[in-house]
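In my numbering, the protein residues as written are 330 to 442.
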């Protein structure tokens, strides 16, 4: 699985850009996205800018990455007052009826089926 990091362009070199994001600064290739200018947001994977994104999408991706990091570290809190809420009900928080509706099942499965 590939995970792109949202990074913002600070300066440019021919065919490259200096970007910042997630507490680090990198020089990335821009061949896949074309010309960039300082302030642009890019989705970066393996030091290649793979996609242009806007600031809203960059914030969404960063929030998802923060949530994943905190979950893997065992420090995430998913309560109603959590700043790490994904913005939707997680399956572990859903009722059996809601899970059936989510999966397209409308009734309890039978052992004989």
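All C-beta atoms, glycine included, are put in the ideal place defined by N, C-alpha and C.
For this session: Identify the continuous beta strand (DSSP E) that holds residue 378 and give its terminal residues.
Result: 377-382
Exercise. For the beta strand (DSSP E) that residue 346 lies in, which residues bound it at each end?
Worked result: 345-350
Exercise. Taking Cβ positions, are residue 378 and residue 371 nearer each other than 7 Å?
Worked result: yes
Problem set entry | Neighbour-count burial assignment, residue 369, 16 or more Cβ in a 10 Å radius | buried
Exercise. In whole angstroms, what separates the C-alpha of residue 360 from that of residue 389?
Worked result: 25 Å
For this session: Let me know the secondary structure DSSP gives residue 420 once reduced to three states.
Result: helix
Exercise. From 366, 336, 353, 423, pick the residue whose C-alpha is nearest to that of residue 342; which is it?
Worked result: 366
Problem set entry | residue 376 beta carbon less than 7 Å from that of residue 362 | no
Exercise. Among 427, 391, 405, which has the Cα closest to the Cα of residue 332?
Worked result: 391
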